[in-house]
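Have a look at the structure below, then the notes.
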Amino acid sequence: MSKRAIYIASTKELSGKSIITIALARISRDLGKNAGYLKPIGLQYSVNEKGEPRDEDAETMRKILNLKVNTPQVCPFVVHREKMLEQFMKVDLQEISQKILTAYRDASEEKDLVLIEGPPSLSVGSFIGCPVPKLATDFGAKILLVEKYENDLVVDNILQALDYISKWKSSFLGVILNQVSSTKMQKAKNVIKPTLEKSGINVIGIIPEDKTLSVLTVKEIYDAIGGKILAGKDGMDRTVQTVLIGAMTPESAAGYFRKAKDDLVITGGDRTDIIFTALEVGVSALILTGNLYPSVKIFPRADDLKIPIILVPFDTYTTLQMVQKIIGRIKPTDEERIKKATRLVKENVDWKQILQIGSHSN
Amino acid sequence: MLLDTFFRPRSIAVVGASREPEKVGHRIIKNLIEYGFKGHLFPINPKADEILGLKCYNSILDVPEQVDLAVIVVPGKLVPMVAEECGKKGVKGIVVISAGFSETGREGTNLERELLSICRKYNIRMQGPNCLGLINTQNRMNATFAAAQPTAGNIAFISQSGALGSTILNWALQKEVGFTSFISLGNEADLTAADFLESLAEDEQTRAIGLYIEGVKDGPRFVEVSKKISMKKPVIVLKSGTTDVGIRAVSSHTGSLAGSDVAFSAAFRKAGVIRVDKLEELFELVLGFENQPLPRDKNVLIITNGGGPGILVADACEKMGLNLPLIELNLREELRNSLPPHASLNNPLDVLGDADEKRYEMALKIGLRSQNVDGIIVVLTPQAMTPSDKVAEVIAEARKTSNKPIVTAFMGLDDDSTAVKTLLKNDIPNYPFPESTAFVLKKMYEYTLILKRSNQKPTFQIQVDHRIIKNTLAEMRKEDRLTSTIEEAFKIADSFGIPVPKVMVAHSLKEAGDMADLIGYPVAMKVVSPEILHKTDVGGVALNITSRAEAERNYENILNKVHSFMPQARILGISVQQMVPQGKEVIVGAVRDPQFGPLMMFGLGGIYVNFLRDVSYRLCPLTRSEAEEMVEETKAYTLLRGVRGEPPSDINSVVNVIQRISQIMTEFDEILEMEINPLFVYNEKKGCVAVDIKMTINKLA
Chain W
70 MSKRAIYIAS TKELSGKSII TIALARISRD LGKNAGYLKP IGLQYSVNEK
120 GEPRDEDAET MRKILNLKVN TPQVCPFVVH REKMLEQFMK VDLQEISQKI
170 LTAYRDASEE KDLVLIEGPP SLSVGSFIGC PVPKLATDFG AKILLVEKYE
220 NDLVVDNILQ ALDYISKWKS SFLGVILNQV SSTKMQKAKN VIKPTLEKSG
270 INVIGIIPED KTLSVLTVKE IYDAIGGKIL AGKDGMDRTV QTVLIGAMTP
320 ESAAGYFRKA KDDLVITGGD RTDIIFTALE VGVSALILTG NLYPSVKIFP
370 RADDLKIPII LVPFDTYTTL QMVQKIIGRI KPTDEERIKK ATRLVKENVD
420 WKQILQIGSH SN
Chain H
14 MLLDTFFRPR SIAVVGASRE PEKVGHRIIK NLIEYGFKGH LFPINPKADE
64 ILGLKCYNSI LDVPEQVDLA VIVVPGKLVP MVAEECGKKG VKGIVVISAG
114 FSETGREGTN LERELLSICR KYNIRMQGPN CLGLINTQNR MNATFAAAQP
164 TAGNIAFISQ SGALGSTILN WALQKEVGFT SFISLGNEAD LTAADFLESL
214 AEDEQTRAIG LYIEGVKDGP RFVEVSKKIS MKKPVIVLKS GTTDVGIRAV
264 SSHTGSLAGS DVAFSAAFRK AGVIRVDKLE ELFELVLGFE NQPLPRDKNV
314 LIITNGGGPG ILVADACEKM GLNLPLIELN LREELRNSLP PHASLNNPLD
364 VLGDADEKRY EMALKIGLRS QNVDGIIVVL TPQAMTPSDK VAEVIAEARK
414 TSNKPIVTAF MGLDDDSTAV KTLLKNDIPN YPFPESTAFV LKKMYEYTLI
464 LKRSNQKPTF QIQVDHRIIK NTLAEMRKED RLTSTIEEAF KIADSFGIPV
514 PKVMVAHSLK EAGDMADLIG YPVAMKVVSP EILHKTDVGG VALNITSRAE
564 AERNYENILN KVHSFMPQAR ILGISVQQMV PQGKEVIVGA VRDPQFGPLM
614 MFGLGGIYVN FLRDVSYRLC PLTRSEAEEM VEETKAYTLL RGVRGEPPSD
664 INSVVNVIQR ISQIMTEFDE ILEMEINPLF VYNEKKGCVA VDIKMTINKL
714 A
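Just so you know, the protein sequences line up as chains W and H, in that order.
Just so we're aligned, residue 70 is where the first sequence starts under our numbering, counting upward by one.
Just so we're aligned, residue 14 is where the second sequence starts under our numbering, counting upward by one.
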């Protein structure tokens with residue numbers, strides 16, 4: 070059963086698993102190795118044109134990795150966070166297990182190595198008897214933890230994970246500390262790493278934070294939340310790093326707009342003053358809420374400046390929530406970001422160790 | 014005169030002239046004929062042979078003579094074609110009355126751009142589109158579709174709103190205010206308010222210019238042009254959109270950034286224009302400036318036949334900052350002999366309820382002779398014994414020889430009473446309410462000051478090594494940052510001679526300790542993060558650190574606190590900074606206004622700044638006196654001069670800092686904001702020091 074396989078997992082959501090998976094796939098490709106990909110359990114539930122459930126992220130990965138299979142093969146089980154118990158109530162557990170193994174076999178066929186992407190935490194899947202360590206054992210894969218380093222608690226999380234992994238007798242490759250801010254870099258290297266190593270944990274890499282990786286484009290936001298593009302169509306490729314609400318006086322708004330880079334401004338369509346301030350200061354895009362049409366006189370200016378103005382039916386708060394949700398879920402869909410991520414991994418991770426160990430595991 | 018084509022054309026074609034009386038194209042021809050335009054008139058309309066007795070042409074190209082000016086009233090979509098023909102005909106100016114341009118959105122904007130490019134191609138200047146037209150009373154040219162035919166006089170009026178323009182024409186007729194010219198700006202696609210102001214500056218007949226605007230097209234040019242004109246004649250401006258709601262309405266109406274009122278006020282001040290807040294005040298001032306000499310100073314004599322109204326004027330004068338001096342002793346003695354014993358010879362000078370024209374005449378003559386008096390307000394209430402029409406004649410007579418302004422408040426009289434008519438006919442501005450008189454004299458005095466200001470010294474510039482600031486900006490660009498670190502801001506300030514404490518940015522515990530040792534104790538430590546605007550609020554500041562151990566402890570402390578308050582904030586390090594002794598706290602800041610450029614701000618500092626709003630503003634670059642005025646206008650000035658026996662602070666050093674920030678902002682367009690908060694000011698001759706500085710640079714397009 071065992072094939073060269075790496076199970077990329079984490080203890081918390083949004084640690085950067087996908088991007089590291091893509092980077093590892095790229096590195097192996099460049100070495101002439103053919104990597105397979107599998108996401109046994111997906112949580113980004115959505116429905117495709119045919120009404121079948123699918124995992125959004127897996128679909129994205131399928132495209133990026135150029136896999137010649139369909140999404141259900143890449144991600145056999147898509148779980149709806151709100152209704153997963155009802156979803157699986159009548160399904161035979163044995164069958165699930167079998168289906169996942171079949172999917173793994175398909176994914177690894179004629180591949181030099183398989184990259185398996187885990188759900189947000191190790192425990193996801195327990196309700197159907199398929200938590201990450203169990204599957205890792207089934208696949209004969211080695212677990213690589215990707216953890217975002219925010220504070221010292223990361224050590225506890227990793228230690229607990231290790232405890233859990235050893236309970237399932239699955240094999241553990243090590244940990245990558247990801248998105249480490251410049252101020253924490255020294256501590257990550259001089260304190261966190263030695264601490265983990267003292268407990269026998271292999272720290273395979275420490276990746277510095279790169280804001281440009283977590284940047285998304287106006288188009289991506291528009292694709293996700295919908296609405297109507299009123300003006301500035303030519304600026305849909307602008308990037309967004311910050312989201313600001315325009316609810317104050319134009320002068321104080323200008324102060325915020327100036328200091329933020331690549332800012333998306335959410336405001337009411339009736340706030341012509343804020344809209345013009347945003348256009349003059351230069352923002353990435355404007356989302357006008359409440360289906361309030363602005364004065365048509367702003368359109369030519371927005372067209373000239375190539376600043377998209379998007380009208381949505383939601384209120385400002387709902388819109389903000391929707392946008393923030395997308396920002397956390399950014400997928401490195403463009404080549405520029407993939408290249409950058411690959412370079413980051415190459416420079417800061419002992420990828421040879423990961424890939425070699427992967428290939429020696431037979 | 015500039016724009017002669019518009020003000021003094023020898024021939025006018027009206028393209029889109031109409032036979033139907035209710036059409037705009039008819040009204041314009043009719044106005045031109047009825048008002049008595051002496052040049053040649055050519056109606057253009059392919060469907061008519063004759064309009065109002067004038068031969069009609071199919072196209073402007075068919076007109077056998079040279080056409081100087083074309084007034085265009087055809088539907089918007091056809092205007093570019095007409096403009097093209099005008100170009101071929103060699104027409105030098107067009108007045109586009111037609112609407113349907115940028116005021117209607119995207120398509121209209123494209124149409125307007127097309128029209129403008131045709132104008133540029135043929136070297137045609139354009140008024141409008143979407144305007145009411147223009148009037149020059151001097152050559153009897155009324156090229157508008159307004160209903161009123163204005164009388165000739167000394168006022169020029171420019172209006173961004175056509176609707177308001179026609180209202181003003183009507184009002185002026187009633188008030189017997191005469192015009193030299195009237196201009197409706199429309200969308201200002203080509204000619205702007207500044208262009209017309211520039212040309213009116215040269216018109217000898219025009220004594221004062223009234224201006225109604227909602228915004229300006231080219232802020233710096235408006236300021237530059239107005240500055241020159243206001244040295245020749247007063248420009249009175251009414252700008253709408255001063256409140257939040259108003260600003261929003263202006264944005265929707267004009268389709269442009271309305272701009273902050275603070276910036277407009279500063280711009281108007283720099284331009285030397287007189288700003289009014291209400292339409293009523295604009296009318297009052299136009300009346301006042303039309304024919305009156307200016308007061309030399311702010312000393313006013315009030316002559317009244319009623320105690321109450323006199324006191325109302327006195328209160329108003331006092332509130333406006335005007336003085337009410339007593340007239341000289343010998344003149345008072347003269348008056349005492351000719352007035353009843355219970356008349357008050359103070360100021361207000363009460364000639365009593367039974368005063369006749371003789372008493373008024375007496376008082377007026379004395380007032381005009383008095384060296385203590387720069388302007389006179391005459392108040393009259395209707396009394397059985399007071400013949401108002403005769404008093405009006407007396408004032409009219411006095412006005413003829415007077416070199417002091419005389420304004421009147423004949424209260425409770427109809428506009429068409431003989432007295433009021435006499436006053437207006439003789440160029441005496443009369444107001445129904447007494448407070449207006451004080452307002453008008455105050456604004457006239459303000460203009461006297463504007464004229465005096467004209468000979469101020471130019472801005473003092475210090476020699477600076479620009480490499481330091483250029484390198485810093487390049488560094489910020491390289492790191493893709495819009496806000497500076499404190500270290501960078503201090504470096505720049507220092508290069509411009511602004512005193513700053515020693516500062517370094519630590520990235521580790523050890524560095525923090527080393528830096529503190531190097532700088533010398535006590536030190537202050539502050540978080541460096543582009544996302545944190547108020548460092549104190551998130552626990553990002555520690556003061557009075559006296560040892561290495563303490564510095565190291567605080568390094569950790571600040572990181573932890575900031576992290577728990579703002580987990581997403583990007584922390585670039587912790588600054589270790591030399592502690593400087595506490596001084597009086599003030600703020601010196603500047604922000605680049607999108608319309609007018611750098612705007613300086615000065616005010617009281619510390620944590621109450623946002624609350625107290627004790628601030629003054631000026632447009633850069635500043636003259637020395639402007640920088641001084643900025644300080645003097647605030648309450649902070651009183652504090653700096655020393656209260657309750659404190660020694661005075663080094664105000665001179667503050668003025669220096671203001672001027673230097675102004676210089677930085679003027680020399681580096683990239684910098685959008687710069688703020689020193691707080692600036693510690695020490696006792697006289699002891700200088701000041703910038704304790705914290707924030708700087709924001711622009712986003713690259």
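Virtual Cβ for every residue (Gly too), placed ideally from N, Cα, C.
Just so you know, these numbers come straight off a predicted model, no measurement behind them.
Membership of Q173 (chain H) in any alpha helix (DSSP H) is not indicated, and neither H nor E is assigned to it by DSSP. Going by beta carbons, I261 (chain W) and V287 (chain W) fall outside the 8 Å limit. Proximity of F368 (chain W) to chain H, defined by a Cβ-Cβ separation below 8 Å, is satisfied. Against chain H, a Cβ distance below 9 Å from S283 (chain W) picks out nothing, because the smallest value is about 11 Å.
Pairing D527 (chain H) with I185 (chain W), the inter-Cα distance amounts to about 47 Å. Under a criterion of Cβ atoms nearer than 7 Å, the residues of chain W adjacent to T122 (chain H) are, in order, P369. Three or more beta-carbon pairs separated by less than 8 Å are not found between the region 506-514 of chain H and the region 559-576 of chain H, which leaves the two stretches without contact. Within chain W, the residues R327, K328, A329 and K330 have their CB atoms less than 9 Å from the CB of L495 (chain H), given in chain order.
Sequence-distant Cβ neighbours of L224 (chain H) in its own chain, meaning closer than 8 Å and more than five residues away, are F170, I171, S172, A206, L210, V248, I249, V250, L251 and V286. Of all alpha-carbon atoms in H:V589, H:G259, H:N416 and H:P634, the one lying nearest the alpha-carbon of V604 (chain H) is that of H:P634. Across the region 224-252 of chain W, CB contacts with chain H closer than 8 Å involve S250, S251 and T252, in sequence order along the chain. Measuring C-alpha to C-alpha distances from A537 (chain H) to each of H:P543, H:L546 and H:R566 identifies H:R566 as the nearest.
Not one beta carbon of chain H lies nearer than 8 Å to the beta carbon of S268 (chain W).
H:P142 is the residue among H:P142, H:T164, H:Y373 and H:A555 whose C-alpha sits nearest the C-alpha of G121 (chain H). E501 (chain H) has a beta carbon lying at 8 Å or more from every beta carbon in chain W. For L265 (chain W), the enclosing alpha helix (DSSP H) stretches over residues K262 to K267. Looking at the DSSP output, Y225 (chain H) shares a beta bridge with H:S172 and H:L251. In terms of Cα proximity to L685 (chain H), the closest of H:A112, H:S675 and H:M708 is H:M708. With a contact defined as Cβ atoms closer than 8 Å, E347 (chain H) and I379 (chain H) qualify at about 6 Å. The criterion of a C-beta distance shorter than 8 Å is satisfied by E289 (chain W) and I395 (chain W). A residue is called buried once 16 or more other Cβ atoms fall within 10 Å of its Cβ, and I475 (chain H), having fewer, is exposed. Runs of the beta strand (DSSP E) lying entirely within the region 171-254 of chain W, each at least 3 residues long, are 182-186, 211-217 and 240-249 in chain order. Here L285 (chain W) is not near V312 (chain W), since their CB atoms are 8 Å or more apart.
CA-CA distance, N304 (chain H) to M244 (chain H), rounds to 17 Å. Of all residues in the region 102-136 of chain H, only S115, E116, T117, G118, R119, T122 and N123 come within less than 8 Å of chain W when Cβ atoms are compared, listed by chain position.
Residue environment: S239 (chain H) is assigned as buried (16 or more neighbouring CB atoms within 10 Å of its CB, all protein chains considered).
Using a Cβ-Cβ cut-off of 8 Å, E683 (chain H) does not count as an interface residue toward chain W, since no Cβ of chain W sits closer than that to its own. In chain order, S251 and T252 make up the part of chain W whose C-beta sits under 9 Å from the C-beta of G586 (chain H). Between the alpha carbons of C144 (chain W) and E178 (chain W) lies a distance of about 16 Å. Bounds of the alpha helix (DSSP H) holding R490 (chain H) are H479 to K491. G191 (chain H) and K36 (chain H) have their alpha carbons spaced roughly 27 Å apart. Along the length of the region 632-688 of chain H, whole beta strand (DSSP E) runs at least 3 residues long do not occur. G100 (chain H) and F452 (chain H) have their C-alpha atoms some 49 Å from each other.
Closest by C-alpha distance to V704 (chain H), out of H:V668, H:N711 and H:V516, is H:V516. Taking the C-beta atoms as reference points, I379 (chain W) is found nearer than 8 Å to L357 (chain W). Between I710 (chain H) and M424 (chain H), the CB-CB gap reaches or exceeds 8 Å.
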